[in-house]
Amino acid sequence: MCAQFNPDETSRQSMIEGRSSNSRLNAIVSAGVFLYFSLMFALPSGYSYGAILLLLGSFYFLAKGHGLTLSGEDKTIIYAFIGLFAWSAFIVLLHQNNPKTLDQTSRFLLAIPVLILLLHRPPRLRLVWAAVVVGIVLSTGIAVWQLHWLNQPRAAGFLNIIHFGNIGLVFGVFCMAGMLWARTQGQHARAWRIAFLIGMCSSVYAIVASGSRGSWLAVPPVLLLFVAAFLHKKNIKYAAGGAVFVVTATAALFSIPETGIEQRYDLAVTEVEKYQQHKYVGQGEAVSSVGARLEVWRTALMNIPQKPWLGWAEDDYHAELQRLVQAKEIDPYMLNMANAHNNYLEVLLLQGVVGLIALLAVFVLPLWFFCKRLRSSDITVKALALCGSSLVASYMMFAISQVILGRNNGVIFYVLTLAIVWACMRQEEKRGLHGPT
Numbered sequence: 094m095c096a097q098f099n100p101d102e103t104s105r106q107s108m109i110e111g112r113s114s115n116s117r118l119n120a121i122v123s124a125g126v127f128l129y130f131s132l133m134f135a136l137p138s139g140y141s142y143g144a145i146l147l148l149l150g151s152f153y154f155l156a157k158g159h160g161l162t163l164s165g166e167d168k169t170i171i172y173a174f175i176g177l178f179a180w181s182a183f184i185v186l187l188h189q190n191n192p193k194t195l196d197q198t199s200r201f202l203l204a205i206p207v208l209i210l211l212l213h214r215p216p217r218l219r220l221v222w223a224a225v226v227v228g229i230v231l232s233t234g235i236a237v238w239q240l241h242w243l244n245q246p247r248a249a250g251f252l253n254i255i256h257f258g259n260i261g262l263v264f265g266v267f268c269m270a271g272m273l274w275a276r277t278q279g280q281h282a283r284a285w286r287i288a289f290l291i292g293m294c295s296s297v298y299a300i301v302a303s304g305s306r307g308s309w310l311a312v313p314p315v316l317l318l319f320v321a322a323f324l325h326k327k328n329i330k331y332a333a334g335g336a337v338f339v340v341t342a343t344a345a346l347f348s349i350p351e352t353g354i355e356q357r358y359d360l361a362v363t364e365v366e367k368y369q370q371h372k373y374v375g376q377g378e379a380v381s382s383v384g385a386r387l388e389v390w391r392t393a394l395m396n397i398p399q400k401p402w403l404g405w406a407e408d409d410y411h412a413e414l415q416r417l418v419q420a421k422e423i424d425p426y427m428l429n430m431a432n433a434h435n436n437y438l439e440v441l442l443l444q445g446v447v448g449l450i451a452l453l454a455v456f457v458l459p460l461w462f463f464c465k466r467l468r469s470s471d472i473t474v475k476a477l478a479l480c481g482s483s484l485v486a487s488y489m490m491f492a493i494s495q496v497i498l499g500r501n502n503g504v505i506f507y508v509l510t511l512a513i514v515w516a517c518m519r520q521e522e523k524r525g526l527h528g529p530t
């Protein structure tokens, strides 16, 4: 006799398989996010372990054919990511440039399935905060080891000097925002506050140990975001007190010789003056960091008007630099500069106005979406909005003095952190039924 078909049994089996699939995805997301943040400074390419796990998990999620529900804002971020990659690919084909430039912009494309996964299977928020604290505390150990054991002049971790300071600052800002979220944790609030305070101190140490001057550029806009989130007539005294504390702490760091901040500030001022007076750039070990940047910016601004819409082909631009050097219009050291040391000028120079618009889109659109939630009545949503807006604002400032999206660690940290924070915030909005206010 043929076995009878039992629809109830089939339905029950499908439910079991669905729960098993969800459990696997949740485990992948949790492990991926924790490894991503906690190993950021601790291992060579520490960010890649969690990133790869999340990418594989996203492929598994999409292969299962789960129904996708995306908001208009979700789609806008995705379209911005696609637009940036598509234009960079078009420029490579048009100018016959080295396709290695797609290595970085392709990260925006690869972030899309991860974003979709996280929107449907967001990580546990406690795990995210814990991973951030663990990651930045581990950076302290790495910095101490490099400065005092290896006797290196500046800490770079396993990233580089600039990214060590930049990413360390973002982790610290996340810990500041986490202080707000800690208020929701009841009897565990004090423990979380202590953890975040340790994280903030570790962040300051990471920035100082790296000696990265560009990291400090992000402080003013981040402070403005916190002011926008918290300033009311009722708490203006507390806001003023907080501002005084920040200014005092900054002045203290500046005045302590061991931090090296005042020394590097004075050096920057001296290099600016030497460049203004003598166009001094230097050679070999005597190269002026600030002077070289000012000269490469001047060179870029000289050439952008010649090809504003589609930019220069890389080979043509190098030939133009050689011509300008021979004509003694620019310093010969410009032939050794790998890029324009400014993300906006770099893109405008080599990808034209459309490329700059695409770059601004991946900054400005997420920033606007996060800023809409800075006044949310949901404390957790507000905290995550602060994290997201601070991430974007910081990167927009970092991009002034370097091509921040020109290295894998820089671009991966931006797109993946944005995806994680955005997904967590959207989940909290759904859970608390609080939209943007």
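Positions 94 to 530 (the working numbering) are the ones given, in order, by the sequence shown. Positions of the beta carbon are idealized from the N, C-alpha and C atoms, including for glycine.
#1: In three-state terms, what does DSSP make of Gln245?
#2: Kindly indicate which three-state DSSP category Asp471 falls into: helix, strand or coil?
#3: Under three-state DSSP, which class holds Ala420?
#4: Whether or not the region 224-242 and the region 261-281 are in contact is what I'm after, with contact meaning three or more pairs of Cβ atoms, one per stretch, closer than 8 angstroms; do they touch?
#5: Rounded to whole angstroms, what's the CA-CA distance from Leu452 to Leu498? Just pull it up for me.
#6: Specify the secondary structure class of Glu374 as computed by DSSP and reduced to three states.
#7: Which residue wins for smallest C-alpha separation from Ala476, given the options Lys372, Phe319, Val455?
#8: Since Gly150 contacts Val126 with CB under 8 angstroms, what's their CB separation in whole angstroms?
#9: Using 8 angstroms as the threshold, is the C-beta distance between Gln419 and Leu428 below it?
#10: Closest to Val312 by CA distance: which of Met489, Gly525, Arg519, Ile209 is it?
#11: Span of the alpha helix (DSSP H) holding Gly525?
#12: Hey, how far is the Cα of Gly57 from the Cα of Lys400?
#13: Quick one: grab the DSSP three-state call for Trp402.
#14: Which residue wins for smallest C-alpha separation from Phe257, given the options Arg286, Tyr298, Ala478, Leu273?
#15: Between Leu136 and Phe251, how many whole angstroms is the CB-CB distance? I'm expecting something under 8 angstroms.
#16: With DSSP run on the structure shown, which of helix, strand or coil describes Pro215?
#17: With DSSP as the reference, label Gln239 as helix, strand or coil.
#18: If you follow the alpha helix (DSSP H) that Lys157 is in, where does it begin and where does it stop?
#19: Look at the alpha carbon of Asn292 and the alpha carbon of Leu218, and state the distance between them as a whole number of angstroms.
#20: Using the Cα positions of Trp370 and Gly384, report the straight-line distance between them to the nearest angstrom.
#21: What are the boundary residues of the alpha helix (DSSP H) that Met133 is part of?
#22: Could you give the first and the last residue of the continuous alpha helix (DSSP H) run that contains Phe456?
#23: Ignore the nearest five residues each way along the sequence and tell me which others in Leu460's own chain have a CB closer than 7 angstroms to its CB.
#24: Excluding the five sequence neighbours on either side, which residues of its own chain have a C-beta within less than 7 angstroms of the C-beta of Lys193, listed in chain order?
#25: Pull up the CB-CB distance for Val207 and Leu148, whole angstroms please, since I reckon it's below 8 angstroms.
#26: Measure from the alpha carbon of Ala307 to the alpha carbon of each residue in Ile171, Ser382, Thr277, then state which is nearest.
#27: Taking contact to mean at least 3 C-beta pairs separated by less than 8 angstroms, is the region 269-277 in contact with the region 508-518?
#28: Can you tell me whether DSSP reads Arg200 as helix, strand or coil?
#29: Would DSSP call Phe251 helix, strand or coil?
#30: For Ser532, does the three-state DSSP call read helix, strand or coil?
#31: Can you tell me whether DSSP reads Thr233 as helix, strand or coil?
#32: One question on the structure: do Ala236 and Ala223 come within less than 8 angstroms of each other, judged by their Cβ atoms?
#33: Can you tell me whether Asn435 is buried or exposed, with buried defined as 16 or more other CB within 10 angstroms of its CB?
#34: What does a CB cutoff of less than 6 angstroms around Pro215 pick up in its chain, not counting 5 residues either side in sequence?
#35: Please say whether Ala431 and Gln189 have beta carbons closer to each other than 8 angstroms?
#36: Quick check on DSSP: helix, strand or coil for Gln495?
Reading off the structure:
#1: coil
#2: coil
#3: coil
#4: The region 261-281 is in contact with the region 224-242.
#5: 10 angstroms
#6: Correcting the residue identity first, residue 374 is Val in this sequence and not Glu. Here Val374 sits in coil by DSSP.
#7: Phe319
#8: With 8 angstroms as the limit, Gly150 and Val126 do not qualify as a contact, their Cβ atoms being about 10 angstroms apart.
#9: no
#10: Met489
#11: Taken as a continuous stretch (DSSP letters only), the alpha helix (DSSP H) holding Gly525 covers 501-525.
#12: Here the chain covers residues 94 to 530 and nothing more, so residue 57 does not appear.
#13: coil
#14: Ranked by Cα distance from Phe257, the first of Arg286, Tyr298, Ala478, Leu273 is Tyr298.
#15: 6 angstroms
#16: Residue state, collapsed to three classes: coil.
#17: helix
#18: From DSSP, Lys157 is part of no alpha helix (DSSP H); its letter is neither H nor E.
#19: Residue identity check: residue 292 is Gly in the sequence provided, not Asn. Computed Cα separation, rounded: 17 angstroms.
#20: Residue identity differs from the one stated: residue 370 is Gln in this sequence, not Trp. Computed Cα separation, rounded: 11 angstroms.
#21: Segment: none, Met133 is in no alpha helix (DSSP H) and carries neither H nor E.
#22: Phe456 -> alpha helix (DSSP H) spans 436-464.
#23: Ser482, Val485, Ala486
#24: none
#25: 6 angstroms
#26: Sequence inspection shows Gly at residue 307; the Ala mentioned does not correspond to that position. Nearest option by C-alpha distance: Ser382.
#27: no
#28: Arg200 falls in the helix class under three-state DSSP.
#29: Residue state, collapsed to three classes: coil.
#30: Since the first and last residues shown for the chain are 94 and 530, residue 532 lies out of range.
#31: helix
#32: no
#33: buried
#34: Ala516, Cys517, Gln520
#35: no
#36: coil
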